[in-house]
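There are 2 protein chains.
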Amino acid sequence: MRKKVTLKQLAKELNLSISTVSKSLKNDREISQKTIARVKELAEFYKYKPNALAVSLKSSRTNTIGVILPEILNHFFAKVLNGIEQEASKHGYKILTCISNECYQKEVDYVEMLSNNSVDGLIMSLSQETQITNQLDHIKELKRDNIPVVLFDRINETIDCDKVIIDDKKASSKAMQHLVDSGCKNIAIVTTISNLSVGELRCTGAKKIAEMYDDVSYHMLMINEVADVESIIEEFLTSNAVDAVLGLDETAAAVSVNIAAKMGLKIPEQLSVIGFTDGLLAKYSYPKLSIVSQHAETLGAIATQRLFKRLAMNPSAKNKAVTEIVETTLLLRASTLPVRTTKQL
Amino acid sequence: MRKKVTLKQLAKELNLSISTVSKSLKNDREISQKTIARVKELAEFYKYKPNALAVSLKSSRTNTIGVILPEILNHFFAKVLNGIEQEASKHGYKILTCISNECYQKEVDYVEMLSNNSVDGLIMSLSQETQITNQLDHIKELKRDNIPVVLFDRINETIDCDKVIIDDKKASSKAMQHLVDSGCKNIAIVTTISNLSVGELRCTGAKKIAEMYDDVSYHMLMINEVADVESIIEEFLTSNAVDAVLGLDETAAAVSVNIAAKMGLKIPEQLSVIGFTDGLLAKYSYPKLSIVSQHAETLGAIATQRLFKRLAMNPSAKNKAVTEIVETTLLLRASTLPVRTTKQL
DNA sequence: CTGTTAGCGCTTTCAC
DNA sequence: GTGAAAGCGCTAACAG
């Protein structure tokens, strides 16, 4: 079993010094063409690859970015990860992926683990527990270690760093507005994420619109934890005669649709449905659901670009933190009625 | 902006040598308790963390494993990744995640990228293009670099390395058997992955069973590329009076169900459906689909354990490659009829 | 008990 | 043109 080739070995075999070999491989003009050729040939022969560890240690750049996600089975985060990966790889960067599993302690551990010079920067979305308990020291300490962070989606205002978010409030307003415009009068707002920053914002946005209309009423259905979401929603829909459901997260939307189907409700004739989701439902549901598309992959790409910009910045010129907002799209399909109200001119 | 603390700086500040500091932090019994206490206090104060790069360079262990996946938006791979991550983190390992996007060249690039001492080992599933074109040198060369690989799901028999697979043939046989036993006579086998190793195996398994029965006929519907899967399946179901669909992959299964719903076919009365999928459909469909569960997370965990075992092995005692087989489960739900045939005693 | 030294593999400055 | 030497941060064998 042959060991991995190093500059040293190439040098010995060629009767050259290590530095000459190193320079040759970089086409340093100090070195004669003949030598360069010799070196390259042998390097090629042995398939020499510079030891990434040594290069990083020397240069203090790892070309790696750390990504800490609350979950990966949630399609939204999977898409964000995909966006990050694409963008990172385009720039020759690798990504270290960690999944906090919505758990504060795991998140802390991962931040610790990665802040040992393992990565050049971090992209992360806070775990549910972190947001609920509001423990943020582990993030704030990254500043002291001089490692830049970009927070996305599940952010916290008090942390001074770059952020990329969705305008959740506006998005849910738009969705609610559509329901109202298409004639819905009695709307259920269903959420299983009321304890997350984004959950609150979506709530606020939806309510704001509903409250603008005297003839529109809404019901909030907040479901916590891993309660039996299905039966809660079923019970709710049975005892409340709503004509629309706005699902503020994937679970809420998905379950609502299935329960409606089970109850024999016709969509959209009897029940209009709009869901915050990211393509999963859209792809696998019938009738096709109207959705608030969060452009998760774009979000991932933007977060990555942000981080690259930050990394490229002269650290002394530490500009103020930037918050970028990704616009959502309301994608109307078969699960909602067309707009009925005549807008005033 | 304070720079990251190193042993050197601690040593200077404490008027000790670097090695004494290093040993103190390791509770080396050679060092006096008093010194250990002093060192630890200062280290704590500065939140000293050993530079992972330097440690790795020294020890030639990165505590990182590379994971190369064909896709991440496919729920199956997301689940596998989750399984890998959980298992790895349990052992204090980080994972470098790469997504080949079904593209041979990206896969090659990633293998190159990671085999520069960036990882201790690799877990991967071959990209579609790699399987089709059968170019495998990049994987085989890993052996020369002495970096262990565990291949899962999309494997290749000619590569000498550990493998973790699902018994796809048996799984599809089981599924087909159930359809037959529940009285289906005219069964569509729908696949969009006939060009993958797993696709072929599933095909073979299903056909084998169908062909055992004189009164059962089957139709193969192989859909290639990103053709308009929906219309092809719709057309097929319209012109062929089948009473069951066996979807050999997620797309095939999902689209079949939706089209059936669209066509007004009652499931399972008029059409039984079983799909190879990994919980996605199950979670979001109504009626609940019968599925072949591939236990993706288990698969990921097992692959990781395999890799750890390999890493722990004395390299000179390079045992033969091991192939582990993960059993599937046929999860029967509302989309299939109960078994009708009376089995002979 | 503590310190010196060498070395992991590489880059880079400075001599020759 | 080429090479020697220092150093990135750490560990470990060996001296003292």
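Going line by line, the protein sequences match chains A and B.
Residues in the first sequence are numbered from 21 upward in steps of one, following the numbering used here.
Residues in the second sequence are numbered from 21 upward in steps of one, following the numbering used here.
From the three backbone atoms N, C-alpha and C, an ideal C-beta is built for every residue, glycine too.
**CA-to-CA distance, A:Phe-65 to B:Ala-74, given in whole angstroms** = For the purposes of this step, residue 74 of chain B is taken as residue 54 along the second sequence, with counting starting at 1. For the purposes of this step, residue 65 of chain A is taken as residue 45 along the first sequence, with counting starting at 1. Cα to Cα, the separation comes out at about 29 Å.
**Prompt:** Using the rule of at least 16 other Cβ atoms within 10 Å of the residue's Cβ for burial, across every protein chain shown, is B:Gln-53 buried or exposed?
**Reply:** By one-based count along the second sequence, residue 53 of chain B stands at place 33. Exposed, because fewer than 16 other Cβ atoms sit within 10 Å of the Cβ of B:Gln-53.
**Item:** Outcome for A:Asp-298 when other beta-carbon atoms lying within 10 angstroms are tallied against a minimum of 16
**Value:** Here residue 298 of chain A refers to the residue found at position 278 when the first sequence is read from its first residue. Classification for A:Asp-298: buried.
**Request:** On a CA-only basis, which of B:Ile-115, B:Glu-122, B:Ile-119 and B:Glu-220 is nearest A:Ile-119? Give me that one, please.
**Result:** In the first sequence, residue 119 of chain A corresponds to position 99, counting from 1. Comparing Cα-Cα distances from A:Ile-119 to each of B:Ile-115, B:Glu-122, B:Ile-119 and B:Glu-220, the minimum goes to B:Ile-115.
**Message:** Can you list, in chain order, the residues of its chain with a C-beta nearer than 8 Å to that of B:Cys-123? Leave out the 5 residues immediately preceding and following it.
**Reply:** Sequence index remark: in the second sequence, residue 123 of chain B carries index 103 (1-based). Ser-147 and Glu-149, listed in sequence order.
**Residues from the region 111-133 of chain A in contact with chain B, defined by Cβ distance under 9 Å** = Gly-112, Lys-114, Ile-115, Leu-116, Thr-117, Cys-118, Ile-119, Asn-121, Lys-126, Asp-129, Tyr-130, Glu-132 and Met-133
**Request:** Just the C-alpha distance for B:Lys-227 and B:Ile-85, rounded to the nearest angstrom, thanks.
**Result:** On the second sequence, position 207 is the one that residue 227 of chain B refers to. On the second sequence, position 65 is the one that residue 85 of chain B refers to. Cα-Cα distance, rounded: 39 Å.
**Message:** I'd like the list of long-range same chain contacts for A:Leu-331, defined as Cβ closer than 8 Å, with 5 residues on each side in sequence excluded.
**Reply:** Mapped onto the first sequence, residue 331 of chain A falls at position 311. Asp-140, Gly-141 and Pro-168.
**Asked** Can you give the beta carbon distance from B:Tyr-304 to A:Leu-301, rounded, assuming they're within the 8 Å contact cut?
**Response** Numbered from its first residue, the second sequence carries residue 304 of chain B at position 284. Numbered from its first residue, the first sequence carries residue 301 of chain A at position 281. Contact flag correct, Cβ pair sits at about 6 Å.
**Asked** Can you list the residues of chain A that B:Leu-101 reaches, using a CB-CB cut of under 8 Å?
**Response** Indexing the second sequence from 1 puts residue 101 of chain B at position 81. By Cβ distance, chain A contributes Ile-92 and Thr-117.
**Contacting residues, own chain, Cβ-Cβ under 8 Å from A:Thr-318 (five flanking each side not counted)** = Taking the first residue of the first sequence as position 1, residue 318 of chain A is located at position 298. Here the set comprises Gly-103 and Val-346.
**Item:** Any C-beta of chain A under 7 Å from that of B:Glu-105
**Value:** Against the second sequence, residue 105 of chain B aligns to sequence position 85. Answer yes: the Cβ-Cβ gap between B:Glu-105 and chain A drops below 7 Å somewhere.
**Request:** Let me know the secondary structure DSSP gives A:Lys-183 once reduced to three states.
**Result:** In the first sequence, counting from the first residue as 1, residue 183 of chain A sits at position 163. Judged by DSSP in its simplified three-state form, A:Lys-183 adopts strand.
**Message:** Once DSSP output is grouped into helix, strand and coil, what is the label at A:Met-283?
**Reply:** Reading the first sequence from its first residue, position 263 is the one you call residue 283 of chain A. In the three-state scheme derived from DSSP, where H, G and I count as helix and E and B as strand, A:Met-283 is classed as coil.
**Message:** For B:Lys-99, report the span of its beta strand (DSSP E) as first-last.
**Reply:** Locating residue 99 of chain B in the second sequence gives position 79, where the first residue counts as 1. First-last for B:Lys-99: 95-110, but that is the alpha helix (DSSP H), not the beta strand (DSSP E).
**CB-CB length for A:Ile-287 against A:Val-312, believed under 8 Å** = In the first sequence, residue 287 of chain A corresponds to position 267, counting from 1. In the first sequence, residue 312 of chain A corresponds to position 292, counting from 1. Rounded, the Cβ-Cβ distance is 17 Å, inconsistent with contact.
**Prompt:** Could you give the distance in angstroms between the alpha-carbon of A:Ala-108 and the alpha-carbon of A:Thr-324?
**Reply:** Residue mapping note: residue 108 of chain A aligns to position 88 of the first sequence, counting from 1. Residue mapping note: residue 324 of chain A aligns to position 304 of the first sequence, counting from 1. Approximately 7 Å between the Cα atoms of the pair.
**Request:** Would you mind telling me which residues of chain A sit closer than 8 Å to B:Pro-358, beta carbon to beta carbon, in chain order?
**Result:** One-based indexing of the second sequence puts residue 358 of chain B at position 338. Result: empty, since nearest Cβ-Cβ is about 20 Å, beyond 8 Å.
**Helix, strand or coil at A:Lys-114 according to DSSP, with G and I counted as helix** = Here residue 114 of chain A refers to the residue found at position 94 when the first sequence is read from its first residue. In the structure shown, A:Lys-114 falls within a strand segment according to DSSP collapsed to helix, strand and coil.
**Short CB-CB distance (under 7 Å) between B:Tyr-304 and chain A** = Locating residue 304 of chain B in the second sequence gives position 284, where the first residue counts as 1. It does; some Cβ of chain A falls within 7 Å.
**Message:** Does A:Glu-344 come out as helix, strand or coil in the three-state DSSP assignment?
**Reply:** What you label residue 344 of chain A is simply residue 324 of the first sequence in a count that begins at 1. Residue state, collapsed to three classes: strand.
**Asked** Between B:Gln-29 and the rest of its own chain, which residues show a CB-CB distance below 6 Å, the 5 nearest in sequence each way excluded?
**Response** Within the second sequence, numbered from 1, the residue matching residue 29 of chain B stands at position 9. Cβ within range, chain order: n/a, list empty.
**Request:** Taking a Cβ distance cut-off of 7 Å, strictly less, list which residues of the region 276-288 of chain A are near chain B, in chain order.
**Result:** Asn-278, Ala-281 and Lys-282
**Item:** Contact with chain A by B:Leu-73, beta-carbon distance below 7 Å
**Value:** Residue 73 of chain B sits at position 53 when you count from the first residue of the second sequence. Chain A contact via Cβ: present.
**Item:** Three-way DSSP call (helix, strand, coil) for B:Gly-219 in this model
**Value:** Position 199 of the second sequence, counted from the first residue, corresponds to residue 219 of chain B. The answer is helix: DSSP assigns B:Gly-219 an H, G or I state.
**Prompt:** According to a CB-to-CB cut-off of less than 9 Å, which residues of the region 134-148 of chain A neighbour chain B?
**Reply:** Taking 9 Å as the Cβ-Cβ cut-off against chain B, the residues of the region 134-148 of chain A that qualify are Leu-134, Ser-135, Asn-136, Asn-137 and Ser-138.
**Item:** Beta-carbon neighbours of A:Asp-165, restricted to chain B and to distances below 7 Å
**Value:** Along the first sequence, one-based indexing puts residue 165 of chain A at 145. The answer, in chain order, is Lys-24.
**Message:** Quick check on DSSP: helix, strand or coil for B:Arg-353?
**Reply:** To locate residue 353 of chain B, count along the second sequence from 1; it is residue 333. Residue state, collapsed to three classes: coil.
**Message:** Taking the alpha carbon of A:Ile-88 as the reference point, which residue from A:Ile-209, A:Lys-194 and A:Glu-105 has its own alpha carbon closest?
**Reply:** In the first sequence, residue 88 of chain A corresponds to position 68, counting from 1. Closest option to A:Ile-88, Cα to Cα, is A:Glu-105.
**Request:** Using a Cβ-Cβ cut-off of 7 Å, state whether A:Leu-27 counts as contacting chain B.
**Result:** If you number the first sequence from 1, residue 27 of chain A lands on position 7. For A:Leu-27, the answer is no, since every Cβ of chain B falls outside 7 Å of its Cβ.
**Segment limits, beta strand (DSSP E) that includes B:Thr-297** = What you label residue 297 of chain B is simply residue 277 of the second sequence in a count that begins at 1. Taken as a continuous stretch (DSSP letters only), the beta strand (DSSP E) holding B:Thr-297 covers 292-297.
**Message:** For a contact defined as C-beta to C-beta under 8 Å, what are the partners of B:Ala-274 on chain A?
**Reply:** As a working mapping, residue 274 of chain B is identified with position 254 in the second sequence. What B:Ala-274 touches in chain A: Lys-303 and Tyr-304.
**Prompt:** Roughly how far, in whole angstroms, is the beta-carbon of A:Arg-222 from the beta-carbon of A:Ser-192, given that I think they are within contact range, below 8 Å?
**Reply:** Residue 222 of chain A sits at position 202 when you count from the first residue of the first sequence. Residue 192 of chain A sits at position 172 when you count from the first residue of the first sequence. Yes, they are in contact, since the Cβ atoms of A:Arg-222 and A:Ser-192 sit about 4 Å apart, within 8 Å.
**Any C-beta of chain B under 7 Å from that of A:Lys-69** = Within the first sequence, numbered from 1, the residue matching residue 69 of chain A stands at position 49. Yes, contact with chain B.
**Message:** Can you list, in chain order, the residues of its chain with a C-beta nearer than 8 Å to that of A:Thr-349? Leave out the 5 residues immediately preceding and following it.
**Reply:** Counting from 1 along the first sequence, the entry for residue 349 of chain A is found at position 329. Excluding residues within five positions, the ones whose Cβ falls inside 8 Å are Val-312, Ser-313 and His-315.
**Message:** Determine, for B:Ala-98, whether the minimum Cβ-Cβ distance to residues of chain A falls below 7 Å.
**Reply:** In the second sequence, the residue the question calls residue 98 of chain B occupies position 78. At least one chain A Cβ lies under 7 Å of B:Ala-98.
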